[in-house]
Amino acid sequence: MNNVIKQMLSKYEIKNINDEINALKEIIQEIVLRGLSRGEFFDKAAFYGGTALRIFYDLDRFSEDLDFALVTPDKNFDISKYFIYIEKELQAYGLNLEITTKNKSNNSNITSAFVKGDTKEHILKFFSNNQNYEYKDILKSIKIKFEIDINPPSGATYEEKYKLLPSPHQIKLYDKESLFAGKIHAILCRNWKTRTKGRDLYDYIFFLANDTRVNLELLKNKLIDSEYINSIDKFDIKVLKELLIKKFKEIDYTEAKEDIIPFIKNIDVLNMWSSEFFVVITEKLN
Numbered sequence: 420m421n422n423v424i425k426q427m428l429s430k431y432e433i434k435n436i437n438d439e440i441n442a443l444k445e446i447i448q449e450i451v452l453r454g455l456s457r458g459e460f461f462d463k464a465a466f467y468g469g470t471a472l473r474i475f476y477d478l479d480r481f482s483e484d485l486d487f488a489l490v491t492p493d494k495n496f497d498i499s500k501y502f503i504y505i506e507k508e509l510q511a512y513g514l515n516l517e518i519t520t521k522n523k524s525n526n527s528n529i530t531s532a533f534v535k536g537d538t539k540e541h542i543l544k545f546f547s548n549n550q551n552y553e554y555k556d557i558l559k560s561i562k563i564k565f566e567i568d569i570n571p572p573s574g575a576t577y578e579e580k581y582k583l584l585p586s587p588h589q590i591k592l593y594d595k596e597s598l599f600a601g602k603i604h605a606i607l608c609r610n611w612k613t614r615t616k617g618r619d620l621y622d623y624i625f626f627l628a629n630d631t632r633v634n635l636e637l638l639k640n641k642l643i644d645s646e647y648i649n650s651i652d653k654f655d656i657k658v659l660k661e662l663l664i665k666k667f668k669e670i671d672y673t674e675a676k677e678d679i680i681p682f683i684k685n686i687d688v689l690n691m692w693s694s695e696f697f698v699v700i701t702e703k704l705n
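Positions 420 to 705 (the numbering used here) are the ones given, in order, by the sequence shown.
What follows is the structure in structure tokens.
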């Protein structure tokens, strides 16, 4: 096994094949970020979303996708020119994965790509003692999606962060206030299979527990962009609380819990989840 991969794996508590897959995916995510950094991608774009929150702000749950937004909108932005840097980085660490793009509709601001490969091949390579070959559905394939918003709403604020593994590199990402704005936007506007993602609710609690303020300018612009509010509407923290409280009273918390369970270690923290719980903690929002 590559010594760097071994070093990166050492921080994980591996108890079962799901732990192995989550650890493998997260290491691939970090190697992809290193490749993008090598290609100077972060001169033009910033990292945001749940994976950014986990890697740089210690969110205690796994996250599947890599989300980015251009700093300056560019309808002609081409993510594929960075593939060579990602591929070289993956190959350097013994990862046999391919990158494919997803066809973008003409009116979409999101450009998507996937890093894909055989899960079983990599599990056997990096977890040599694994005997869980009966999990055929789980071991079918690794697939990590990354998306770039090429025309994001204005108002984001950024930080520059450094990572030492897999090798030293620098990444531009949304600061915590802007990440929180993005998460609240997701709760209000993103319905996943007609239901709110439990992952969004889990992250919402994380932000509140860390006394994170909301980037209201970015959030307002994102809500206007999604046609959730109008540009002439009054929007402040009081209005935001009212919008969230209304949303929290509509959510099916049983389904939200089912969404988050595969991504966390301690499911007992979900026992408190209810409309009353989320309404009460929303008073901490500032």
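Virtual Cβ for every residue (Gly too), placed ideally from N, Cα, C.
Put simply, the backbone Cα of E646 is about 19 Å away from that of A488.
Inclusion of D622 and R453 in the CB contact set at 9 Å is not warranted, their separation being larger than that value. Boundaries of the beta strand (DSSP E) around S531: 529-536. Counting the other CB atoms within 10 Å of its CB gives N441 a total of 16 or more, which places it among the buried residues. Shown here, F546 sits in coil according to DSSP, grouped into three states, outside any helix or strand. Here I446 has M427 as same chain residues with Cβ atoms under 6 Å from its own Cβ, once five neighbours each way along the sequence are excluded. Secondary structure of L443 (DSSP, three-state): helix. Inclusion of I606 and L663 in the CB contact set at 9 Å is warranted, their separation being smaller than that value. The C-beta of V451 has 16 or more other C-beta atoms within 10 Å across all chains shown, which makes the residue buried.
C-alpha of L516 to C-alpha of A532: approximately 13 Å in a straight line. In its chain, beyond the 5 residues on either side, I648 have a beta carbon closer than 6 Å to the beta carbon of L642. In the structure shown, A628 falls within a helical segment according to DSSP collapsed to helix, strand and coil.
K494 and N690 have their C-alpha atoms spaced approximately 44 Å apart. For L583, there is no enclosing alpha helix (DSSP H), since its DSSP letter is neither H nor E.
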